[in-house]
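I have placed the structure first, in the form of structure tokens, so that the comments after it can refer back to it.
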Amino acid sequence: MSTTPPAPHRGVDTSSAVQAHGVVLVLDDEQRVVMCSDTTGALLAAEVEDVLDRPLAALVGTDVAARVAGGDEGHPAEPLVVVLGRAGVGELGGQAVELRVHAAGGRVVVELEPLEVGGPPVVGDYGSVRQATTRLAAARTLTELTGLLAVEVRELTGFDRVSVLRHRDGRPTEVLAEARGDLPATARPEAPQPGSLEPGPGVPVEAVADVSAAPAALVPALDPGTGRAPDLDGCLLRSPSAARVERLVAAGVTASLSMAIMIDDQRWGTIVCHHHTGAYRPGHEVRSSAEFFTQVASHLVAHRVRAEAREAAARTRADLALYAARLSASEGSVLDAVFADPGLLSVFGATGAANLFEGRLRSQGTVPDLATMQDISDVLNEPDTYATCTDHLAALDERFAAVAGVADGVLRVGSLADRWGLWFRTDGSPWEPWHIEAAEDLGRRVNSLLLLRSREQVAMAESLQRSVVLDQAPVFAGVELVARYRPATTYQLGGDWWDAFELDEHRLVVVVGDVAGHGVAAASAMTQLRTALRAYLYDGHGPGGCLDRLDRLMDGLLDVGVATAQVAVLDRVTGQVTVASAGHPDPLLVAADGTARELELARRPMLGVGLGEAPLSHVDLSDGGLLVLFTDGLVERRGIDTDAQTARLLELAGGGLEPRPHDDLPRWADLLLSEVDTADDDTTLLALRLL
Numbered sequence: 008m009s010t011t012p013p014a015p016h017r018g019v020d021t022s023s024a025v026q027a028h029g030v031v032l033v034l035d036d037e038q039r040v041v042m043c044s045d046t047t048g049a050l051l052a053a054e055v056e057d058v059l060d061r062p063l064a065a066l067v068g069t070d071v072a073a074r075v076a077g078g079d080e081g082h083p084a085e086p087l088v089v090v091l092g093r094a095g096v097g098e099l100g101g102q103a104v105e106l107r108v109h110a111a112g113g114r115v116v117v118e119l120e121p122l123e124v125g126g127p128p129v130v131g132d133y134g135s136v137r138q139a140t141t142r143l144a145a146a147r148t149l150t151e152l153t154g155l156l157a158v159e160v161r162e163l164t165g166f167d168r169v170s171v172l173r174h175r176d177g178r179p180t181e182v183l184a185e186a187r188g189d190l191p192a193t194a195r196p197e198a199p200q201p202g203s204l205e206p207g208p209g210v211p212v213e214a215v216a217d218v219s220a221a222p223a224a225l226v227p228a229l230d231p232g233t234g235r236a237p238d239l240d241g242c243l244l245r246s247p248s249a250a251r252v253e254r255l256v257a258a259g260v261t262a263s264l265s266m267a268i269m270i271d272d273q274r275w276g277t278i279v280c281h282h283h284t285g286a287y288r289p290g291h292e293v294r295s296s297a298e299f300f301t302q303v304a305s306h307l308v309a310h311r312v313r314a315e316a317r318e319a320a321a322r323t324r325a326d327l328a329l330y331a332a333r334l335s336a337s338e339g340s341v342l343d344a345v346f347a348d349p350g351l352l353s354v355f356g357a358t359g360a361a362n363l364f365e366g367r368l369r370s371q372g373t374v375p376d377l378a379t380m381q382d383i384s385d386v387l388n389e390p391d392t393y394a395t396c397t398d399h400l401a402a403l404d405e406r407f408a409a410v411a412g413v414a415d416g417v418l419r420v421g422s423l424a425d426r427w428g429l430w431f432r433t434d435g436s437p438w439e440p441w442h443i444e445a446a447e448d449l450g451r452r453v454n455s456l457l458l459l460r461s462r463e464q465v466a467m468a469e470s471l472q473r474s475v476v477l478d479q480a481p482v483f484a485g486v487e488l489v490a491r492y493r494p495a496t497t498y499q500l501g502g503d504w505w506d507a508f509e510l511d512e513h514r515l516v517v518v519v520g521d522v523a524g525h526g527v528a529a530a531s532a533m534t535q536l537r538t539a540l541r542a543y544l545y546d547g548h549g550p551g552g553c554l555d556r557l558d559r560l561m562d563g564l565l566d567v568g569v570a571t572a573q574v575a576v577l578d579r580v581t582g583q584v585t586v587a588s589a590g591h592p593d594p595l596l597v598a599a600d601g602t603a604r605e606l607e608l609a610r611r612p613m614l615g616v617g618l619g620e621a622p623l624s625h626v627d628l629s630d631g632g633l634l635v636l637f638t639d640g641l642v643e644r645r646g647i648d649t650d651a652q653t654a655r656l657l658e659l660a661g662g663g664l665e666p667r668p669h670d671d672l673p674r675w676a677d678l679l680l681s682e683v684d685t686a687d688d689d690t691t692l693l694a695l696r697l698l
């Protein structure tokens, strides 16, 4: 097939032309025709000179003209199916036609066209749309959803090929899914891909009934009242541009229908329907069904896109938290530990990473040479922005076309020209907002760890932690409370904390928590969480509500990462304890007879993930039981099974130590910590009972 547009389109200004199978009328305030397409002669049996300046009713009948006016309710917003009043005159006379009305530039534009053009009869009704929507709603992934969408739209419309396209700023259009029947050879893969055949971004719906048809001109070319060309942006009969026709012809397309997939009033993608076997425009009912189905599909796509984005962001945050925890637990050079851990690439979906710090280059994976990376850093460096990125490096600067396949997308962190970190991608996928946030977070964490290794920072953090987490528990009337904290190293810098205070004359609160990691960052985060939790409790919120608020605070405002916590509120009159737990190890209950068991509490996810609600559990201490809360350092050891360590803890708590807890609780707590060895991690223990 020829790669040039059909002869009737060459040299034609299509900006104010319309498709030849319909009629366009431009009306003034009195419903008199001021402009019309030159198709009126064939379709309405009225030459242009006989149409201009005549009332609409003389062409389409008084009933149809009244429906166009719309009365007090204004012009009809949806297409109408009407029968023109001049039966037997012109191709549209006496037929049911589709009529659309919209206001533009102070005028009223009326479009008339046959209910369908060419092609096989297709039925698209409410029942078929409802069934198709039900099938779409069952899709579990975006890939599955767009695949079903292409199939269902093809079934609804009868087009030969339907493609679902996705648009991204600065990136080529991506073909997500396609459904097609037996296509002629001219439409096979040697033709241009459908990704180049969508309409412009400002056209939500476009229908081209016959690519080879000559466009029809509007007469006169300029509005006599304004002296300007008419506004046809909302006109479905508007003729496509010559360049677009050329692309369609080159792909063997004879007719098309394009419908926008909208998310938050922005075009996210397009459903492109192509016919390859002659002129085709599905009927009014079919197209209306397809447009409605596309609107419903837009909501489903938006839901799935947002859900997958939330899931991907949560995975990135969780992976980063684990990676950061490993860095915090590492010894020696912080930056060496950064580049020794494979999480440096996997967290960001990168193929390579590099860092220049104090003249030394470190790298992991496949990266360009140092000189090229310095040039890349210089191009991406924005002094007032810590993290910057590009999805198309070569488009940013043509010098970098030489490293295509190694550095197609780049994410940079750093505020200085000679100190930077770079991640590289080669698959063309975009850097999402959560990748940029993770890079900023990791950069801050690494900087915190670098500072931590200095004696001054260690001393400062120790002082901060000691001022918050006391060595001894306060004394409260009617209860015995013992608190113990053991750091993992000689430096008392960690994320463990405990708290105990009175809410009123009857209720006492005890809290134990653990922020992931060690050092300055963990100690600083711990103080923020402890203070916020106190504020929520004093404000009258229950233990579950407090943890949920703390989770939202961490996820939305605090640069903390993840943490676990347990809040217990004791009624000193009844002995009843209400407990809420967020990803924290279950406590122990040591009965008055000395037997010990692990309490299986209902738990919400850990803090900082932005998901879940905290259920409440209840414990009875009225019979003299001892409630023991602790952090994971008490039961987690490198190379030792956690279940085995928990069993050992239960054995010691249930009679394996002398004195017994009800005889000398402080001494018992010290012995318990010494027996289980707390060298690997910070450990906090709280033991509470009624006197």
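Residue numbers (this note's numbering): 8 to 698. From the three backbone atoms N, C-alpha and C, an ideal C-beta is built for every residue, glycine too. These numbers come from a predicted model, not from an experiment.
Going by beta carbons, valine 635 and proline 594 fall inside the 7 angstroms limit. Straight through space, the alpha carbons of leucine 515 and leucine 429 are spaced by roughly 50 angstroms. Excluding the 5 residues flanking it on each side, leucine 693 has same chain C-beta neighbours closer than 6 angstroms at Ala490, Trp505, Val517, Val519 and Leu636, in chain order.
For glycine 372, there is no enclosing alpha helix (DSSP H); the enclosing beta strand (DSSP E) covers residues 367-372. When secondary structure is reduced to three states using DSSP, leucine 680 falls in the helix class. Taking the C-beta atoms as reference points, phenylalanine 355 is found no nearer than 7 angstroms to histidine 281.
Alanine 157 carries a helical assignment under DSSP once its states are collapsed to helix, strand and coil. DSSP places serine 353 inside the alpha helix (DSSP H), whose first and last residues are 350-353. Between the segment 215-230 and the segment 41-57 there are three or more inter-stretch CB-CB distances shorter than 8 angstroms, so the stretches are counted as touching. The C-beta of tyrosine 543 has 16 or more other C-beta atoms within 10 Å across all chains shown, which makes the residue buried. For glutamate 213, the secondary structure class from DSSP, reduced to helix, strand or coil, is strand. The Cβ neighbour count for tyrosine 545, taken over all protein chains shown within 10 Å, is under 16; the residue is labelled exposed. Counting every other CB atom within 10 Å of its CB across the protein chains shown gives proline 592 a total of 16 or more, marking it as buried. Apart from the 5 residues on each side of it in sequence, glycine 48 sits with its Cβ closer than 6 angstroms to the Cβ of Glu54 in its chain, given in chain order. Rounded to whole angstroms, alanine 250 and phenylalanine 364 show a C-alpha spacing of 52 angstroms. Within 10 angstroms of the beta-carbon of isoleucine 647 lie fewer than 16 other beta-carbons, which makes it exposed. Counting other Cβ atoms within 10 Å of its Cβ, leucine 377 stays below 16 and is therefore classed as exposed. Taking a contact to require three or more Cβ pairs closer than 8 angstroms, the segment 161-170 and the segment 320-336 do not qualify as touching. Contact between the segment 393-410 and the segment 438-456 is established, with three or more Cβ pairs separated by less than 8 angstroms.
In this structure alanine 609 is exposed. Its beta-carbon is surrounded by fewer than 16 other beta-carbon atoms within 10 angstroms.
Between the alpha carbons of glycine 372 and glycine 359 lies a distance of about 4 angstroms.
Residues Ala309 of the same chain have their beta carbon placed closer than 6 angstroms to that of isoleucine 270, with the five preceding and five following residues left out of the count. Restricted to the segment 649-678, the alpha helix (DSSP H) segments that are unbroken, complete and at least 4 residues in length are 649-658, listed in chain order. Glutamine 138 counts as exposed, since fewer than 16 other beta carbons sit within 10 angstroms of its beta carbon. Selection Glu185, Val30 and His291 evaluated against valine 279 yields Glu185 as nearest (Cα-Cα).
Looking at the backbone, the Cα of proline 481 and that of phenylalanine 508 are separated by about 8 angstroms. For methionine 613, the secondary structure class from DSSP, reduced to helix, strand or coil, is coil. Within the segment 291-344, the alpha helix (DSSP H) runs of at least 4 residues that lie entirely inside it are, in chain order, 291-336. Judged by DSSP in its simplified three-state form, glutamine 535 adopts helix. Less than 7 angstroms divides the Cβ of leucine 633 from the Cβ of arginine 696. Beta-bridge annotation (DSSP): leucine 172 is paired with Val182 and Thr277. In the three-state scheme derived from DSSP, where H, G and I count as helix and E and B as strand, glutamine 138 is classed as helix. In this structure, the CA atom of alanine 221 is about 8 angstroms from the CA atom of glutamine 26.
Taking a contact to require three or more Cβ pairs closer than 8 angstroms, the segment 50-66 and the segment 285-292 do not qualify as touching. Excluding its 5 nearest sequence neighbours in each direction, glycine 631 has C-beta neighbours in its own chain below 8 angstroms: Ala598, Ala599, His669, Arg696 and Leu697, listed in chain order. The alpha carbon of aspartate 189 has as its nearest neighbour, out of His174, Asp176, Asp167 and Val171, the alpha carbon of Asp167.
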